[in-house]
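> Shown below is the structure under consideration.
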Amino acid sequence: MLNPKQAIVALDFNSYEEANKLTKYLDPEKFRLKIGKQLFSNEGPFILDKFHKEGFEIFLDLKLHDIPNTVYKALKNIYGHGVWMSNIHLLGGKEMINAAQKARLESNKEAFLIGVTILTSLDETQLKLIGFKDKVPQLVKKLASEAKNALLDGVVCSAQEAKELKKTFGKDFVLVTPGIRINSQKGDQSRVTTLKEAINYGSDYLVLGREISKAKDIPQMIKNIESYII
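Mapped onto this note's numbering, the consecutive letters of the sequence shown carry residue numbers 4 to 233.
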């Protein structure tokens, strides 16, 4: 079963008007929202303020990866809009990670800051092509260790990685899992799993995207997901 607000709905749209065709069916007491580059690049901070006023808590998924000072300033702005959770790419290195943590602590200590390890669209074949020799689990663990050492709240990971990460870094290390499906269709993410499996693996927050937005009957799909909520 899911706790209220454990499910995060990804808004993979170009505008508020398009996103609202989905969010009008969502209860802010049961769901959080994920806003990524697609929607944010078109609407800007307006979209954060708009949904915040409607009662939603927002995970801003920009995967910041830049020089430390740029990431610091960007996160100061982001948390100024009441964002519940934001993220950085851990491949940015220790100085960037520490700068991000500094921005979060100065802006809103209660907000979440998590790290991105390896994108779920990448499998080991693709990683080898760009020069990574370690297998996915080893890479994820190394990068998650950087997040833990910098006192970030947790990481984005696939559900298959969640059990080992919980064992290694403790139950309070927050795990956010994208690519969640009600069934087992992959889409364009290689390391996906079902909602029930993700809960059993130990993922703390589950991100659902096309499973809802591409449903033939969106209200009914949302009701199906709500049936998992305590």
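We put the beta carbon where it would ideally sit given N, CA and C, even for glycine.
Counting beta carbon pairs with one atom in the stretch 41-51 and one in the stretch 16-25, are three or more of them shorter than 8 angstroms?
Yes, they touch.
> Would you decide whether residue 180 is buried or exposed? Buried here means 16 or more other CB atoms lie within 10 Å of its CB.
Here residue 180 refers to the residue found at position 177 of the sequence shown. Buried, by the Cβ-count rule.
> Between the Cα of residue 73 and the Cα atoms of 86, 25, 95, which residue gives the shortest distance?
Your numbering for residue 73 matches position 70 in the sequence shown. Checked all of 86, 25, 95; the closest Cα to residue 73 is 95.
> Taking the CB atoms as reference points, tell me whether residue 78 and residue 118 lie closer together than 8 angstroms.
Translated into positions along the sequence shown, residue 78 becomes position 75. Translated into positions along the sequence shown, residue 118 becomes position 115. Going by C-beta atoms, residue 78 is not nearer than 8 angstroms to residue 118.
> Which residues in the same chain as residue 196 place their Cβ atom closer than 6 angstroms to its Cβ, once the five residues preceding and following it in sequence are excluded?
Counting from one through the sequence shown, the residue named residue 196 turns up at place 193. The residues are 162.
> Exposed or buried, what is residue 206 when buried is set at 16 or more other beta-carbons lying within 10 Å of its beta-carbon?
Counting from 1 along the sequence shown, the entry for residue 206 is found at position 203. With 16 or more Cβ atoms within 10 Å of its Cβ, residue 206 is classed as buried.
> Helix, strand or coil: how does DSSP classify residue 2 here?
For residue 2 there is no data in the structure shown, the boundaries of the chain being 4 and 233.
> Can you tell me the Cα-Cα spacing of residue 160 and residue 86, whole angstroms?
Reading the sequence shown from its first residue, position 157 is the one you call residue 160. Reading the sequence shown from its first residue, position 83 is the one you call residue 86. Cα to Cα, the separation comes out at about 20 angstroms.
> Less than 8 angstroms separating the beta-carbons of residue 212 and residue 15?
For the purposes of this step, residue 212 is identified with residue 209 of the sequence shown, where counting begins at 1. For the purposes of this step, residue 15 is identified with residue 12 of the sequence shown, where counting begins at 1. Yes, Cβ-Cβ distance for residue 212 and residue 15 is below 8 angstroms.
> For residue 157, count neighbouring C-beta atoms within 10 Å of its own C-beta (all shown protein chains included) and say buried if the count is 16 or more, exposed if not.
In the sequence shown, the residue the question calls residue 157 occupies position 154. Flag for residue 157 reads buried.
> On a CA-only basis, which of 91, 92, 102, 106 is nearest residue 83? Give me that one, please.
As a position in the sequence shown, residue 83 is number 80, starting the count at 1. Among 91, 92, 102, 106, the Cα nearest to that of residue 83 is on 106.
> By DSSP, does residue 55 sit in helix, in strand, or in coil?
The residue given as residue 55 occupies position 52 in the sequence shown. DSSP places residue 55 in helix when its eight states are reduced to three.
> With DSSP as the reference, please indicate the residues paired to residue 2 in a beta bridge.
The structure shown does not extend to residue 2, since the chain is modelled only from 4 to 233, so the question has no answer here.
> Taking residue 172 as part of the alpha helix (DSSP H), name the residues at either end of that continuous run.
Numbered from its first residue, the sequence shown carries residue 172 at position 169. Unbroken alpha helix (DSSP H) run through residue 172: 162-172.
> Can you round the beta-carbon distance between residue 103 and residue 122 to whole angstroms, since I take them to be within the 8 angstroms contact cut?
The residue labelled residue 103 in the question sits at position 100 within the sequence shown. The residue labelled residue 122 in the question sits at position 119 within the sequence shown. The pair is not a contact, with the Cβ atoms about 18 angstroms apart (cut-off 8 angstroms).
> Looking at C-alpha atoms only, which residue of 68, 169, 219, 50 is the closest neighbour of residue 204?
As a first step, residue 204 must be located in the sequence shown, where it is residue number 201. Nearest option by C-alpha distance: 169.
> Residue ranges of each beta strand (DSSP E) run of no fewer than 3 residues wholly in the stretch 94-142, ordered along the chain?
You should have 115-119.
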